[in-house]
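Q:
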Amino acid sequence: MLSLRQFLRLLSIQRTLVRYGLDEFIPTARFLRPLRFAFYLLPGKRQSDAPRGERLRLALEELGPIFVKFGQALSTRRDLLPPDISAELALLQDQVPAFDSATAVNILREAWGAEPTDVLAEFDPQPLAAASIAQVHAGKLGDGRDVVVKLLRPNMRAMIERDVDLLHGMASLAQRYWREAPRVRPIEIVEEYEKTILDELDLMREAANAAQLKRNFDGSDLLYVPEVYFDHCRRNVMVMERIYGVPISDIETLKQAGTNFRRLAANGVEIFFTQVFRHNFFHADMHPGNIFVQIDNPEFPRYAAVDFGIVGTLDPIDQNYLAGNFLAFFDRDYYRVAKLHVDSGWVPRDTRVDELEGAVRTVCEPIFNKPLSEISFGQVLLRLFETARRFNMNVQPQLILLQKTLLNIEGLGRDLYPELDLWETAQPILREWMTERLGGRAALRELRSQWPDLQEALREMPGVVKRLADSSESGRLKLTMESDELTALRREWNESARRQRQFNLGMMSAGGGVALLALTSFAWVGGAVVAAGVVAMLWSSR
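Residue numbers 399 to 940, in the numbering used here, belong to the letters of the sequence shown in order.
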């Protein structure tokens, strides 16, 4: 059940929705519907005269940062929303009401232990822009460089924890009473979201994210990341280089400048796949309020990013499976897409691969090699949900940030250049990455990084073998399994044994290669044998 605190917050949300007249087109929880008319008797004027998009925006602003972020995410999907609503939600990207200038000065005074003008040559107390969690001000360093000063809104943690607590309560109810809960995993989704949004409250962490992203794209013509001035950064203050560019949502200005939209859209796709697969470190909050375009050379426009509070990484296993799925889709190899879903555990092991293959073909074939303008994303989502439910496909909480980012990128591409073929643009980037990852140089890099562990394992192997032999000879070698589910475990045990045999063979091969290196002049042979052994060991643990 919901706690009293959670229930009161839910009533407060319901009251706000009713006060702004949103009960007319936003479904509410069934158990609150009988209370709807009671809200009319509470203090507060009902705001029902304004257009519905404006009422929705104002309600989200009043409800707090989590709701504003939800509106920001929706604002990138103009293909799924009526124009009046998407236009209003776009204002949530950087035009949320700001806190006052006196508060901004006090934040800096407490953070720096000095007046803002003692640290900076100039500081403008009037904000440049304001968003859900922070706002930014203009300033200058002592050497004249232009900077922006990002300030965390007061009392953010308390507001966010209040609503995350409500999400936990709702997730617990869903886990208990919703039959789809084991597949959707609501509690894990909320936990993943909680980690993400609480990390965003630490601006020192954001500064470190920006520095990493800047290193990743150092010298790149695709993306510019501003420099961070760590000496002036604190947990609630971040100072970085001020960049000048056209907001990516200002399509008219970009058109007047003669911007090459096809190249701009294709570069956005390349940036996404480069971050996800080559760097494994991606900007996960790429709504239009955080993206600018530098058009010094309109034929070769360059993206510039800000707001690095949310970044994502992938587990190498998920990364490989995703790459394999993308490439199989590019090849229209729907059997491999289905097989990868079974192998990864995203669908139950007893799923019939041929049936899943047919369902995947039904979803994917109609959109293959089509430009964004000819794809009904709403229909695709509907079919994906139907397929997921039919085959009991588990939601992967660790991939939610990636999915959100991909939706943002696809939405931006649709606005910039609807004729873009997303798949044709992404395919060569991903194939190049896979070639690099599986090529000889990658194997050598892996061998170099694993060499200290391999040396230690080889040094300890004689002792391990001797102890096993002594235990076996004396009859003390026993295998104990404290479980009643032997039938269910037998398959896993056999797979584990196979991998162990492969690992042992790899270990022996590597050891033999080391001996060849040490005792003979055929260094290249020894190296090859070591490499083969290490590859076998690594493959056994995949």
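Virtual Cβ for every residue (Gly too), placed ideally from N, Cα, C.
Do the CB positions of R632 and A509 come within less than 8 Å of each other?
A: In the sequence shown, residue 632 corresponds to position 234, counting from 1. In the sequence shown, residue 509 corresponds to position 111, counting from 1. Yes; because the gap between Cβ atoms is below 8 Å, this pair is in contact.
Q: Since H630 and V637 should fall inside the 8 Å C-beta cutoff, what is the C-beta to C-beta distance between them, to a whole number of angstroms?
A: Taking the first residue of the sequence shown as position 1, residue 630 is located at position 232. Taking the first residue of the sequence shown as position 1, residue 637 is located at position 239. Going by Cβ atoms, the distance from H630 to V637 rounds to 4 Å, so yes, they are a contact pair.
Q: Hey, is the stretch 677–692 in contact with the stretch 794–807, meaning 3+ C-beta pairs nearer than 8 Å?
A: yes
Q: Whole angstroms is fine: what's the gap from I693's alpha carbon to V644's?
A: Your numbering for residue 693 matches position 295 in the sequence shown. Your numbering for residue 644 matches position 246 in the sequence shown. Rounded to whole angstroms, I693 to V644 spans 8 Å at the Cα level.
Q: Just the Cα atoms here: how many angstroms apart are S473 and A726?
A: Sequence index remark: in the sequence shown, residue 473 carries index 75 (1-based). Sequence index remark: in the sequence shown, residue 726 carries index 328 (1-based). If you take the alpha carbons of S473 and A726, they lie about 31 Å apart.
Q: What residue range does the alpha helix (DSSP H) around H566 cover?
A: Along the sequence shown, read from residue 1 onward, the residue named residue 566 stands at position 168. Start and end: M554 to Y575.
Q: Please name the residue, chosen from R407, R734, Q491 and L539, that lies closest to L526 on a Cα-to-Cα basis.
A: Along the sequence shown, read from residue 1 onward, the residue named residue 526 stands at position 128. Residue Q491 is the option with its Cα nearest to L526.
Q: Taking DSSP as the reference, what is the three-state secondary structure of D616?
A: Translated into the one-based positions of the sequence shown, residue 616 becomes position 218. Three-state DSSP puts D616 in coil, outside helix and strand.
Q: Note down the Cα distance separating A485 from P449, rounded to an integer number of angstroms.
A: The residue you call residue 485 lines up with position 87 of the sequence shown. The residue you call residue 449 lines up with position 51 of the sequence shown. Using only the alpha carbons, I get a separation of about 12 Å.
Q: May I ask which residues mark the beginning and end of the beta strand (DSSP E) holding A527?
A: The residue given as residue 527 occupies position 129 in the sequence shown. It spans E520 to A528 - the beta strand (DSSP E) in which A527 sits, taken as one unbroken run.
Q: Just to confirm my understanding: we take F628, look at its own chain, exclude 5 residues before and 5 after, and list those with CB closer than 7 Å. What are they?
A: The residue given as residue 628 occupies position 230 in the sequence shown. Once the five neighbours on either side are set aside, the close Cβ partners of F628 are A605.
Q: I'd like to confirm the pairing. Which residues does DSSP put opposite G538 in its beta bridges?
A: As a first step, residue 538 must be located in the sequence shown, where it is residue number 140. Strictly speaking, residue 538 in this sequence is Lys, with Gly absent from that position. Looking at the DSSP assignment, K538 forms a beta bridge with E520 and D544.
Q: Determine whether the beta carbon atoms of L420 and R455 lie at a separation below 8 Å.
A: By one-based count along the sequence shown, residue 420 stands at place 22. By one-based count along the sequence shown, residue 455 stands at place 57. Cβ distance not < 8 Å, so L420 and R455 don't count as in contact.
Q: Would you grab the beta carbon distance between T711 and N678 for me? Rounded to a whole angstrom, and I think it's under 8 Å.
A: Your numbering for residue 711 matches position 313 in the sequence shown. Your numbering for residue 678 matches position 280 in the sequence shown. That pair is a contact at about 5 Å.
Q: Can you find the residues in the same chain that come closer than 7 Å, C-beta to C-beta, to Q963, ignoring five residues on each side of it along the sequence?
A: In the structure displayed, the chain extends from 399 to 940; residue 963 sits before or after that span and is not available.
Q: Do you know how far the Cα of R560 is from the Cα of S410?
A: Taking the sequence shown and counting its residues from 1, one reaches residue 410 at position 12. Taking the sequence shown and counting its residues from 1, one reaches residue 560 at position 162. Roughly 12 Å between the two C-alpha positions.
Q: Please classify R428: is it buried, with 16 or more other beta-carbons within 10 angstroms of its beta-carbon, or exposed?
A: Position 30 of the sequence shown, counted from the start, is the residue given in the question as residue 428. Residue placement at R428 is flagged as unreliable, the pLDDT there being 41, under the threshold of 50; a coordinate-derived value is accordingly withheld.
Q: Can you tell me whether L402 is buried or exposed? The criterion is at least 16 other CB atoms within 10 Å of its CB, across all chains shown.
A: On the sequence shown, position 4 is the one that residue 402 refers to. Exposed: under 16 other Cβ atoms inside 10 Å.
Q: At what residue ranges does the stretch 640–707 contain a whole run of the beta strand (DSSP E), taking only runs of 3 or more?
A: Runs of the beta strand (DSSP E) inside the stretch 640–707: 689–692 and 700–703.
Q: Which residue comes first and which comes last in the alpha helix (DSSP H) that contains E817?
A: Along the sequence shown, one-based indexing puts residue 817 at 419. No alpha helix (DSSP H) contains E817, which DSSP labels as neither H nor E.
Q: Looking at the unbroken alpha helix (DSSP H) that takes in T501, where does it start and where does it end?
A: In the sequence shown, counting from the first residue as 1, residue 501 sits at position 103. S499 to W510 is the span of the alpha helix (DSSP H), which, as asked, contains T501.
Q: To the nearest angstrom, report how far apart L489 and D522 are at their CA atoms.
A: Stepping through the sequence shown from its first residue, residue 489 is reached at position 91. Stepping through the sequence shown from its first residue, residue 522 is reached at position 124. Straight-line Cα distance between these residues: approximately 22 Å.
Q: Considering just the uninterrupted stretch of the alpha helix (DSSP H) at V416, what are its terminal residues?
A: In the sequence shown, counting from the first residue as 1, residue 416 sits at position 18. Taken as a continuous stretch (DSSP letters only), the alpha helix (DSSP H) holding V416 covers L402 to R417.
Q: Spatial neighbours of L814 within its chain, please: C-beta separation below 6 Å, excluding the five flanking residues on both sides.
A: Here residue 814 is taken as the residue at index 416 of the sequence shown, counted from 1. Excluding positions up to five away in sequence, the list reads F659, L662 and A663.
Q: Any idea which residues DSSP pairs M859 with across the strands?
A: The residue you call residue 859 lines up with position 461 of the sequence shown. DSSP lists no partner for M859.
Q: Nearest CA to the CA of T672: which residue from V547, T414, P826 and V704?
A: Reading the sequence shown from its first residue, position 274 is the one you call residue 672. Closest option to T672, Cα to Cα, is P826.
Q: The alpha helix (DSSP H) with E592 in it runs from where to where?
A: Position 194 of the sequence shown, counted from the start, is the residue given in the question as residue 592. Start and end: P584 to D597.
Q: What does the alpha-carbon distance come out to for the pair K612 and V545?
A: Taking the first residue of the sequence shown as 1, we reach residue 612 at position 214. Taking the first residue of the sequence shown as 1, we reach residue 545 at position 147. For K612 and V545, the distance between alpha carbons rounds to 16 Å.
Q: Can you give me the C-alpha to C-alpha distance between E592 and K737, rounded to a whole angstrom?
A: On the sequence shown, position 194 is the one that residue 592 refers to. On the sequence shown, position 339 is the one that residue 737 refers to. Near 32 Å, if we compare the C-alpha coordinates of K737 and E592.
Q: What does R632 pair with, by DSSP beta-bridge criteria?
A: Looking up residue 632 in the sequence shown gives position 234. Bridge partners of R632: V635.
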